[in-house]
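**Student:** Numbering (full-length UniProt numbering), first residue to last: 1 to 190.
This structure is in structure tokens; I'll ask about it shortly.
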Amino acid sequence: MTEVVAREIVYCDICSFPPEYCEFGGTFKRCKDWLQANHLQLFEKLYSDDALAKATSTLSIEKEQQISRDLEKKQAKEEAKMERELQKKLASKIIIKRIERNRRKHVISISGLEVCNIDMKKLAKTFASKFATGASVTKNAEKKEEILVQGDVSDEAKEYIENLLQEKGLDEVKVEQIDDKKKKPKPTAP
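Shown next as structure tokens:
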């Protein structure tokens, strides 16, 4: 019997497609640069002058121009989309709100993390183990997810989130702390 050997497939780090399919995504230009830098042999096989001439020899001139126009439109659209997402991330802010439950009991509400592509459940579990408190993911009044952490750990949570954002390269995202106290009821006259 012959031994079955698994075929090793290269996947693009930019779009996660195999390099043969990168041209159908919106980030073709960046994918092509990545492939040239990391896998030169495969780049030569796919995008050398001979390979391009062979692939386009059966196409008519009008069809070739149509394909290149469509590709340019798609690339411009993808670049604009990525720019909008980056601006949205930079304009957003993360709010850490300290809410008083009873006299000495507090809950920390962390909202605004969904813009940064952070898995809320994993982060809540990390907070629970790191601060030795209860932490859960809930939806707030605006139907957006937020993390509720029991205990007064707002300073530590802020520091942890700032470090996490720094690792992801989102230094410009603002982290804001708000202290929300319950109003004391006015004493009624007997």
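Even for Gly, the Cβ is constructed at its ideal location relative to N, Cα and C.
On the three-state DSSP scale, how would you describe residue 72?
**Tutor:** In this structure, residue 72 counts as helix in the three-state DSSP scheme.
**Student:** Taking the beta strand (DSSP E) that residue 97 falls in, what are its first and last residues?
**Tutor:** Residue 97 -> beta strand (DSSP E) spans 93-100.
**Student:** Which residues in the same chain have their Cβ closer than 7 angstroms to the Cβ of residue 165, if we skip the five residues on either side of it in sequence?
**Tutor:** Result list for residue 165: 116, 171, 173, in chain order.
**Student:** For residue 60, does the count of other Cβ atoms within 10 angstroms reach 16, so buried, or fall short, so exposed?
**Tutor:** That one is exposed.
**Student:** On the CB-based measure, 16 or more other CB atoms within 10 Å of its CB, does residue 19 come out buried or exposed?
**Tutor:** With 16 or more other Cβ atoms within 10 Å, it is buried.
**Student:** What are the start and end residues of the alpha helix (DSSP H) that includes residue 159?
**Tutor:** Element bounds for residue 159: 154-168.
**Student:** How is the beta strand (DSSP E) around residue 109 delimited, first residue to last?
**Tutor:** Per DSSP, residue 109 belongs to the beta strand (DSSP E) from 106-111.
**Student:** Quick check on the burial criterion: 16 or more other C-beta atoms within 10 angstroms. Buried or exposed for residue 6?
**Tutor:** Under this definition residue 6 is an exposed residue.
**Student:** Can you name the residues that DSSP bridges to residue 176?
**Tutor:** Its beta-bridge partners are 95.
**Student:** When you compare each of 105, 99, 142 to residue 177 by their alpha carbons, which one comes out closest?
**Tutor:** Answer by Cα proximity: 99.
**Student:** What do you get for residue 40, buried or exposed, if any count of 16 or more other CB atoms within 10 angstroms of its CB means buried?
**Tutor:** Residue 40 comes out exposed.
**Student:** Assign residue 138 to buried or exposed, taking buried as 16 or more other Cβ atoms, counted over all protein chains shown, within 10 Å of its Cβ.
**Tutor:** Classification of residue 138: exposed, given that the 10 Å Cβ count is below 16.
**Student:** Cα-Cα, which of 157, 75, 141 is closest to residue 96?
**Tutor:** Ranking 157, 75, 141 by Cα distance to residue 96 puts 157 first.
**Student:** Taking 7 angstroms as the limit between beta carbons, can you name the residues of its chain near residue 106, skipping five residues before and five after?
**Tutor:** Contacts found: 98, 99, 100, 151, 152.
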